[in-house]
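Each remark here refers to the structure printed beneath this line.
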Amino acid sequence: MKLQTTLFSLVLMFSVNAQEWISDSECKSESAKIINQAISHLVNIEQSVAVGMAKAVMISDKKCECAKLVLAAAASGNQDFGSRKAKLSEVNVSKLSLEEKAWYDLLVATTTEEDDWTSTYDKALADFPNSPLINWLSTSTEDWSTYSNFATNFPANAASAYNMLAYAHAYGEIGDGPDYDAAFASLDKLEKLHNGPNSLDSRAEIAAMKGDYEMALDYQLKAFDYATSSSPYQYNLPVYWRKVNESDVSNGLIEAQKNMQNAILEGNVEDFSKYISDDFDLVTGDSNLGDFYNFSTDNIAQDQNYTWNSFDLRDFKTHFSPDMRTAILTFYASGSYTFTDSSEEVAYSTRASSVWIATDQGWKCAHANWAPYKTGTGIPN
186 MKLQTTLFSL
196 VLMFSVNAQE
206 WISDSECKSE
216 SAKIINQAIS
226 HLVNIEQSVA
236 VGMAKAVMIS
246 DKKCECAKLV
256 LAAAASGNQD
266 FGSRKAKLSE
276 VNVSKLSLEE
286 KAWYDLLVAT
296 TTEEDDWTST
306 YDKALADFPN
316 SPLINWLSTS
326 TEDWSTYSNF
336 ATNFPANAAS
346 AYNMLAYAHA
356 YGEIGDGPDY
366 DAAFASLDKL
376 EKLHNGPNSL
386 DSRAEIAAMK
396 GDYEMALDYQ
406 LKAFDYATSS
416 SPYQYNLPVY
426 WRKVNESDVS
436 NGLIEAQKNM
446 QNAILEGNVE
456 DFSKYISDDF
466 DLVTGDSNLG
476 DFYNFSTDNI
486 AQDQNYTWNS
496 FDLRDFKTHF
506 SPDMRTAILT
516 FYASGSYTFT
526 DSSEEVAYST
536 RASSVWIATD
546 QGWKCAHANW
556 APYKTGTGIP
566 N
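In this note's numbering, the protein residues as written are 186 to 566.
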């Protein structure tokens with residue numbers, strides 16, 4: 186009983202207003218409250234919280250079969266790798282209420298190759314026309330009005346609908362074009378009904394769509410702070426940080442390119458190694474227009490029949506991918522080298538580009554391409 190009381194207290198911490206998704210449950214009274222809150226997290230795309238709550242209920246109330254439905258709903262229904270079908274096989278169907286059984290049947294319908302979802306859903310809706318959960322399962326981005334209709338018909342359960350409507354406003358699916366004020370207003374309504382990290386993540390994503398990366402970073406940090414360990418909200422954090430600090434990131438990459446090139450010229454294997462990855466090769470095309478090859482520390486130690494007199498990089502431009510995880514540097518190089526045997530000095534002039542990838546170990550160079558600039562000369566063959 187002490188454990189059950191503790192679990193119920195945790196639910197109160199997560200909940201702003203209790204949302205009842207299933208009114209007829211065979212679970213114990215307090216377990217049913219936790220399960221309803223778990224479903225709130227589930228439909229608000231906070232599956233990890235929902236799974237945690239459902240598993241906690243299974244410890245305190247071993248007869249609550251609806252907890253297994255939450256676990257199955259959070260799992261993948263993909264036939265190739267999903268586990269929903271296996272989880273549903275563990276449900277004691279005879280212990281489900283009629284409303285829970287309707288949800289069970291709908292979950293089963295998602296795991297079969299037969300096209301029986303529509304008929305299964307029509308029966309569930311006919312049997313439980315006032316069930317928020319059954320009605321929620323008919324909402325779809327193919328018809329954004331399904332979310333506004335759901336919010337009107339089930340205002341106490343409308344948090345997840347407001348989240349989708351926020352994106353509809355941001356994408357311009359409602360009205361004449363993107364309306365970010367309306368999008369944030371929808372999230373305001375969401376947060377009056379449900380307390381969870383997804384609304385913060387949505388605010389961050391919509392702020393990024395608007396181009397306000399400082400706001401995006403602020404809200405993404407708040408979402409990440411909700412539960413930092415293995416957080417699904419960590420992925421976009423470096424994206425928004427790099428957007429906010431794009432100039433500094435660009436300058437850092439330019440400095441890295443210069444340092445890597447100096448390390449190559451000086452034969453400094455240790456410094457050069459800082460800028461390449463163990464997980465992928467550095468593919469290079471030299472300015473002698475020979476074949477592409479993998480450049481590694483072994484190439485630095487190769488003997489050359491010429492000596493550099495000068496080598497300067499200039500006129501850098503940085504081009505980032507939309508997710509800020511890949512950068513392309515374009516630049517020019519000039520200088521001269523002298524052949525060892527003949528003492529002939531050659532003026533060197535090339536244009537170049539390099540590709541850098543953001544990794545957990547920092548930015549690493551994946552590709553470099555050098556070519557003579559107009560009438561310029563590259564390195565010897």
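Just so you know, even glycine gets a beta-carbon here, dropped at the ideal spot from N, CA and C.
So is residue 546 buried or exposed if we call it buried at 16+ other beta carbons inside 10 Å? The sequence position of residue 546 within the sequence shown is 361, counting from 1. Exposed, by the Cβ-count rule.
Buried/exposed call for residue 204, threshold 16 Cβ in 10 Å: One-based indexing of the sequence shown puts residue 204 at position 19. When all chains shown are included, residue 204 counts as buried.
Which stretch, first to last residue, makes up the beta strand (DSSP E) that contains residue 226? Residue 226 sits at position 41 when you count from the first residue of the sequence shown. Where residue 226 is concerned, there is no enclosing beta strand (DSSP E), although the alpha helix (DSSP H) it sits in stretches over 214-228.
Taking only the alpha-carbon atoms, compute the straight-line gap between residue 501 and residue 342 and give it to the nearest angstrom. If you number the sequence shown from 1, residue 501 lands on position 316. If you number the sequence shown from 1, residue 342 lands on position 157. When rounded, the distance between both Cα atoms is 53 Å.
Start and end residues, beta strand (DSSP E) containing residue 499: On the sequence shown, position 314 is the one that residue 499 refers to. Residues 491-505.
Is the beta carbon of residue 375 less than 7 Å from the beta carbon of residue 332? Counting from 1 along the sequence shown, the entry for residue 375 is found at position 190. Counting from 1 along the sequence shown, the entry for residue 332 is found at position 147. No, the pair does not count as a contact, with Cβ atoms beyond the cut-off.
Take residue 422 and list the residues in its own chain whose beta-carbon comes closer than 8 Å to its own, dropping the five residues that flank it on each side. Taking the first residue of the sequence shown as position 1, residue 422 is located at position 237. So the qualifying residues of the chain are 402, 405, 406 and 409.
Determine the extent of the beta strand (DSSP E) in which residue 552 is found, giving its start and end residues. Counting from one through the sequence shown, the residue named residue 552 turns up at place 367. For residue 552, the enclosing beta strand (DSSP E) has its first and last residue at 547-557.
Is it true that the CB of residue 521 sits closer than 7 Å to the CB of residue 532? Sequence index remark: in the sequence shown, residue 532 carries index 347 (1-based). Sequence index remark: in the sequence shown, residue 521 carries index 336 (1-based). In contact: residue 532 and residue 521 (Cβ atoms closer than 7 Å).
In this structure, does DSSP put residue 518 in helix, strand or coil? The residue you call residue 518 lines up with position 333 of the sequence shown. Residue 518: strand per DSSP, three-state reduction.
Which ranges would you report for the alpha helix (DSSP H) in the region 263-329 if only whole runs of at least 4 residues count? 269-274, 283-294, 302-312 and 317-321
How many Å lie between residue 418 and residue 562 at the Cα? Taking the first residue of the sequence shown as position 1, residue 418 is located at position 233. Taking the first residue of the sequence shown as position 1, residue 562 is located at position 377. Each residue's alpha carbon lies about 49 Å from the other.
At least three beta-carbon pairs within less than 8 Å, the region 509-517 to the region 479-492: Pairwise C-beta distances place the region 509-517 out of contact with the region 479-492, as fewer than three of them are shorter than 8 Å.
For residue 379 versus residue 221, is the C-beta distance shorter than 7 Å? As a working mapping, residue 379 is identified with position 194 in the sequence shown. As a working mapping, residue 221 is identified with position 36 in the sequence shown. The answer is no: Cβ separation not under 7 Å.
Under 7 Å, do residue 285 and residue 249 count as touching if we go by C-beta distance? To locate residue 285, count along the sequence shown from 1; it is residue 100. To locate residue 249, count along the sequence shown from 1; it is residue 64. Not closer than 7 Å, so no.
Given a threshold of 16 other Cβ atoms within 10 Å of its Cβ, counted over all protein chains shown, does residue 497 qualify as buried or as exposed? Locating residue 497 in the sequence shown gives position 312, counting from the first residue. So residue 497 counts as exposed.
Under DSSP, the alpha helix (DSSP H) around residue 259 begins and ends at which residues? By one-based count along the sequence shown, residue 259 stands at place 74. That run of the alpha helix (DSSP H) goes 251-259.
Beta-carbon within less than 7 Å of residue 357's beta-carbon, same chain only, minus the 5 sequence neighbours each way: which residues are those? Here residue 357 is taken as the residue at index 172 of the sequence shown, counted from 1. These residues qualify, in order along the chain: 363.
Helix, strand or coil at residue 339 according to DSSP, with G and I counted as helix: Position 154 of the sequence shown holds residue 339. Assignment of residue 339 by DSSP, reduced to helix, strand and coil, places it in the coil class.
Which residues share a DSSP beta bridge with residue 210? By 1-based counting over the sequence shown, the position of residue 210 is 25. Among the bridge pairs identified by DSSP, residue 210 is matched with none.
Contacting residues, own chain, Cβ-Cβ under 6 Å from residue 552 (five flanking each side not counted): Here residue 552 is taken as the residue at index 367 of the sequence shown, counted from 1. Here the set comprises 468 and 540.
Pick out whichever of 262, 281, 314 and 317 has its Cα sitting closest to the Cα of residue 294. Residue numbering aside, residue 294 sits at position 109 when the sequence shown is read from its first letter. Comparing C-alpha distances from residue 294 to each of 262, 281, 314 and 317 shows the shortest one belongs to 262.
Output the boundary residues of the alpha helix (DSSP H) element that contains residue 533. Mapped onto the sequence shown, residue 533 falls at position 348. Where residue 533 is concerned, there is no enclosing alpha helix (DSSP H), although the beta strand (DSSP E) it sits in stretches over 530-544.
Buried/exposed call for residue 381, threshold 16 Cβ in 10 Å: In the sequence shown, counting from the first residue as 1, residue 381 sits at position 196. Buried.
Quick one, are the C-beta atoms of residue 211 and residue 282 less than 7 Å apart? The sequence position of residue 211 within the sequence shown is 26, counting from 1. The sequence position of residue 282 within the sequence shown is 97, counting from 1. Against a cut-off of 7 Å, the Cβ pair of residue 282 and residue 211 comes out as a contact.
When the distance is taken between beta carbons, is residue 235 closer than 7 Å to residue 255? On the sequence shown, position 70 is the one that residue 255 refers to. On the sequence shown, position 50 is the one that residue 235 refers to. For residue 255 and residue 235, yes; Cβs fall inside 7 Å.
Does residue 469 come out as helix, strand or coil in the three-state DSSP assignment? Stepping through the sequence shown from its first residue, residue 469 is reached at position 284. Reduced to three states, the DSSP call for residue 469 is strand.
How about residue 556 and residue 472: do their beta carbons lie closer than 7 Å? For this step, residue 556 is matched to residue 371 along the sequence shown. For this step, residue 472 is matched to residue 287 along the sequence shown. Here residue 556 is near residue 472, since their CB atoms are less than 7 Å apart.
Selection from 413, 450 and 392 that minimises the alpha carbon distance to residue 429: Working through the sequence shown from its first residue, we reach residue 429 at position 244. When each option's Cα is compared against that of residue 429, the closest is 392.
With which residues is residue 480 paired in a DSSP beta bridge? Within the sequence shown, residue 480 is the residue found at index 295, counting from 1. In the DSSP output, where bridge partners are listed per residue, residue 480 has 467.
Have a look at residue 412 and residue 384 and give me their C-alpha separation to the nearest angstrom. On the sequence shown, position 227 is the one that residue 412 refers to. On the sequence shown, position 199 is the one that residue 384 refers to. Taking the straight line joining both Cα atoms gives about 14 Å.
If we require 4 or more residues per run, which alpha helix (DSSP H) segments fall completely within the region 364-410? Those alpha helix (DSSP H) runs which fall completely within the region 364-410 and span 4+ residues are 365-378 and 383-395.
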